[in-house]
Amino acid sequence: MLPFKTAARRAEAQDNDPAPARPLAGITQLQQWFGRPATFRGAMAGIVLLLILGPFVFSQYITVIMTNALLYVVLCLGLNVVVGKAGLLDLGYAAFFAVGAYTTGILTLQFGWNFWASIPVALVAAAISGVIIGGPTLRLRSDYLAIVTLGFGEIVRFSARNLEITGAASGLSGIQQPRLFGWTIDSAVDFYYVFVVLAIGAVIASIRLSDSRIGRAWLYVRHDEDAAEAMGINRVAVKLAAYVTGAIYGAIGGIFFAVNLGAISPESFSFEQSVLILMAVILGGMGKIPGVILGAFIIVLGPELLRDLGELRLLVFAIGLLLIMLFRPSGIWPGRTQ
Amino acid sequence: MSAGSDILLQVEGLEAGYAEIKALLGIDIELRRGQIVTLLGANGAGKTTTLKTISGLVRATRGTIRLMGEDITGTPAHQIARMGLVHVPEGRHILRGLTVQENLELGAFAERSAETRRRQMDEVFDLFPILKERRKQDGSLLSGGEQQMLAMGRALMQKPKVLLLDEPSMGLAPKLVTETMKIVKRLNEAGTSILLVEQNARVALRLADYGYVLETGRIRMENTAEKLREDSSIIEAYLGE
C-alpha cells in the first residue's frame, strides 16, 4: 500500500535525457552505452545470470560475503530514496532495519508466529516508524534533520537494549529459519538466493519509483521545495512518502537479516551501521541506482578484499574512500552530462 | 453574472509576519478578471510577503484571502496552486541540472493526463519558441531573460487564472525588461489576470490597470495606473532617479 502510482513510461524518460556527451569521458560513454534499453537489458540479464551461477563457483565464505553485499544493496537503495531521491538527510537509517528485524524476531520467538505472517506486521511497523521520524522532521533542514534522525536511531537502539521483549543487551537468538512449501531455508546458499531475489526486487522497485509520479515529485522537492510547492506539489506528503518507502526497504532487509543470522542484538543496529549505509550511498553517487549498488558492494567487499593487510585494512580502506570522494565528489557513478 | 463575480482575488485586512516581526499590517487588494494590478513600494515594504501570503507560502495571521469568492486563507500552498492561483517567485527558481522540458513538466505536475500535459507544453512552446529550441538544455544555463520565460512558462503549464509575478524584471538588461513586460502583457491578453510586483515602477505602471503603493506593511496609496503615473509624489518616491 505504498502511496505512489507507477506511470512508468521508460520511453519518455529516455527521450528526456540530454543527448550530447563529452567524448573524452570514457565512463560517460559507458553510461550512455548502458542507457540504451537493449544493452541495458542485456547487461542486467548477464548480471542476474552471474548472481545465479555464483554459488557454484564461490566458496562458502564468499557466498556469505556476497549475501551480506546483497543485503546492503537493499538497505542502500532504501536509504537512497530518502537521501538521494528526496534529498533528506537520515543518520539513523539503521533504526528501520532494526524495526524490521525485531518485529519479526519478537513475533516468531515470543509469540510463536509463522515467519511469513510476521512480514506484513513488520512492514506496517516500519511504515509507522517512517511516519514517526518523518513527521517532526518535515520542517527541519539539513543539520537539524541530521540531529533528529541520529537521535531517532539511538532511541531505537537503546529501547532494544533495555526492553525485556527485545531481549535487552543480549538480543534475541534462536529465530526459526523460515519454511517455504515444505523446504526449510537454512543453508548459506539458500539465503544467498533469498537475498538475490530481494536485491533484484529492490532494484526494480527503485527504477519504477524513479519513473513514477512520486519519483518526479521527489526530484522536484529535492531541487527546490518552494518552487515545487508553488507548482502544486504537497511537500509534506511527498517527504513522508520518502521516509515510509525508505523504512519499508530497511525493514525488508531487517526481516531477512534476522532469519538469516537467527540472532539479532542491539549492536547490529548501531550508529556505525547507519553511517556505513549512508557512506555507500554517497560513495556510489546519491540518487543514481547503479551507483548506489556499486557503493554497497564496495563497502562490503572492500574490507574483505583488503583482509591480507591485517590491522591496516580499515585504514587503507578509509584512505581509498577519501581519495574517491576527492576525485569524484558526487560519487563514482557518473551524473548526467550538462 | 453579477459585478461581484468579476473579482478574482480579494484580500482584506491581511496581516502576516516572520517570527516577531510583522511584515504586513492590514493589506486590502482587489484583482478583477482580465486586470493587471501592480504592487509598488520600496525594498522591505512587504510586496514579496504579500504575494507569499496570498499563495500560502507564508501564513496569514489575520485577514482573509478570497479566490473567486472562496476563502483560501490558511489553505496549503500546493492546494492554492491547484485552484488556479500560481506564484512565480522572486529569483525565478529554475531547477538546476534539470532540462528546460523537465522544468516545464514540474508546472504540470498536478495534471494527471499525459495528453493534456503535452498539449499545455505545446502551448507554452508556441508562446516562447526559444524554450522549444532549448528544451533539452539545463534550465539554469539559460540567459536571464530566457530563465524568466521558463519561470513564466512553467507557471502557465498549470493554466492559472491568477498569476502572481514577483519582480520578473529583476537582474535583466533594460532591453529584456521591455521584452519581459511585453510577455506579461501577452499573458494578460490571453486571459490571465496578473498581480505584479515590480521594483521598476515606471515600467509596471505602463502595463497595469491599477496600482497599490505599499509602505512598511500598509497600503499608502491606491489608484488607477493612469492616475498614479501622473501623481508627482509617486514619481518622486518610487520612480526615483
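Those sequence lines, one after another, are chains E and V. Going by numbering that gives the first Met the number 0, the letters in the first sequence line up with residues 0 to 337, in that order. Going by numbering that gives the first Met the number 0, the letters in the second sequence line up with residues 0 to 240, in that order. Beta carbons are placed, not taken as given, at the ideal position from N, Cα and C, and that holds for glycine. From a predicted model like this one, the values you see are computed outputs, not experimental measurements.
Asked, Found
"Step through the CB atoms of chain E and report whether any lies within less than 8 Å of the CB of Gly106(V).", "yes"
"Assuming Ile206(E) is part of the alpha helix (DSSP H), what are its boundary residues?", "187-210"
"Less than 7 Å between C-beta atoms, sequence neighbours within five positions excluded: which residues of the same chain meet that for Leu122(E)?", "Ile247, Ala250"
"Taking 8 Å as the CB-CB cut-off, is Arg254(V) touching chain E?", "The structure shown does not extend to residue 254(V), since chain V is modelled only from 0 to 240, so the question has no answer here."
"Looking only at DSSP bridge pairs, what is Thr98(V) linked to?", "Asp137(V)"
"With 8 Å as the threshold, decide whether the Cβ of Leu155(V) is near any Cβ in chain E.", "no"
"Can you list, in chain order, the residues of its chain with a C-beta nearer than 6 Å to that of Gln119(V)? Leave out the 5 residues immediately preceding and following it.", "Ala107, Met156"
"Within the same chain, show all residues whose beta-carbon is closer than 6 Å to that of Gln9(V), passing over the 5 residues directly before and after it, in chain order.", "Glu29, Arg65"
"At a CB-CB cut-off below 8 Å, which residues of chain B make contact with Pro88(V)?", "Going by chain labels, chain B is absent from the structure shown, which instead holds the protein chains E and V."
"Does the CB of Ser142(V) have a neighbour CB from chain E at under 8 Å?", "no"
"The alpha helix (DSSP H) spanning Gln270(V) covers which residue range?", "Chain V is shown only over 0 to 240; residue 270(V) falls outside these bounds and no answer can be derived."
"If we count the other Cβ atoms within 10 Å of its Cβ and call it buried at 16 or more, is Ser273(E) buried or exposed?", "buried"
"What residues of chain E sit near Leu56(V), judged by a beta carbon separation below 8 Å?", "Asp225, Glu228, Ala229"
"Taking Cβ-Cβ distances shorter than 9 Å, what residues in chain E pair up with Ala80(V)?", "Glu228, Ala229, Met230, Gly231, Ile232"
"Using CA coordinates, which residue listed in Leu38(V), Ile218(V), Ala109(V) is at the minimum distance from Pro167(V)?", "Leu38(V)"
"Determine the burial state of Gly45(E): buried for a count of at least 16 other Cβ atoms within 10 Å of its Cβ, exposed for fewer.", "exposed"
"Per the contact definition of three or more C-beta pairs closer than 8 Å, is the segment 213-232 of chain E in contact with the segment 94-102 of chain E?", "no"
"Report buried or exposed for Ile213(E), applying the criterion of at least 16 other Cβ atoms within 10 angstroms of its Cβ.", "buried"
"Which residues of the segment 194-218 of chain E have a Cβ closer than 9 Å to any Cβ of chain V? Give them in chain order.", "Arg212, Arg215, Ala216, Leu218"
"Strictly below 8 Å CB to CB, what residues from chain E border Val196(V)?", "Those do not exist, as Val196(V) stays about 14 Å from chain E at its closest Cβ, beyond 8 Å."
"Quick check on Val36(V): buried or exposed, where buried means 16 or more other Cβ atoms within 10 Å of its Cβ?", "buried"
"State the CB to CB distance for the pair Gly170(E) and Pro265(E), rounded to an integer number of angstroms; the pair is presumed to be in contact (CB under 8 Å).", "6 Å"
"Under the assumption that Gln198(V) contacts Met169(V) (Cβ atoms under 8 Å), give the Cβ distance between them as a whole number of angstroms.", "7 Å"
"I want to verify the contact list: residues of chain E whose CB lies under 8 Å from the CB of Val161(V), in sequence order.", "Ordered by position in chain E, no residue passes the 8 Å Cβ test against Val161(V), which lies about 13 Å from the chain."
"Among Arg205(V), Thr191(V), Arg58(V), which one has its Cα closest to the Cα of Thr223(V)?", "Arg205(V)"
"Might you give, ordered along the chain, the residues of its own chain that have their beta carbon closer than 8 Å to the beta carbon of Arg95(V), omitting 5 neighbours on each side?", "Asp137, Gly138, Ser139"
"Kindly say whether Arg95(V), judged by its beta-carbon, lies nearer than 8 Å to any beta-carbon of chain E.", "yes"
"Three Cβ pairs or more, each shorter than 8 Å: is that satisfied between the segment 48-65 of chain E and the segment 188-199 of chain E?", "yes"
"What separation, rounded to the nearest whole angstrom, lies between the Cα atoms of Met324(E) and Arg312(E)?", "18 Å"
"Could you list which residues in chain E have their beta carbon closer than 7 Å to that of Ala207(V), in chain order?", "Ordered by position in chain E, no residue passes the 7 Å Cβ test against Ala207(V), which lies about 22 Å from the chain."
"Counting along the chain, where does the alpha helix (DSSP H) carrying Val212(V) start and finish?", "Looking at the DSSP string, Val212(V) is not in any alpha helix (DSSP H); the run it does join, the beta strand (DSSP E), is 209-214."
"Indicate the three-state DSSP secondary structure (helix, strand or coil) for Met230(E) in the structure shown.", "coil"
"Distance, Cα to Cα, Ser158(E) vs Gly43(V)?", "50 Å"
"Could you give the first and the last residue of the continuous alpha helix (DSSP H) run that contains Glu225(V)?", "224-229"
"Please state whether DSSP places Gln9(V) in a helix, a strand or coil.", "strand"
"Hey, quick one: how far does the alpha helix (DSSP H) through Arg312(E) stretch, first residue to last?", "312-326"
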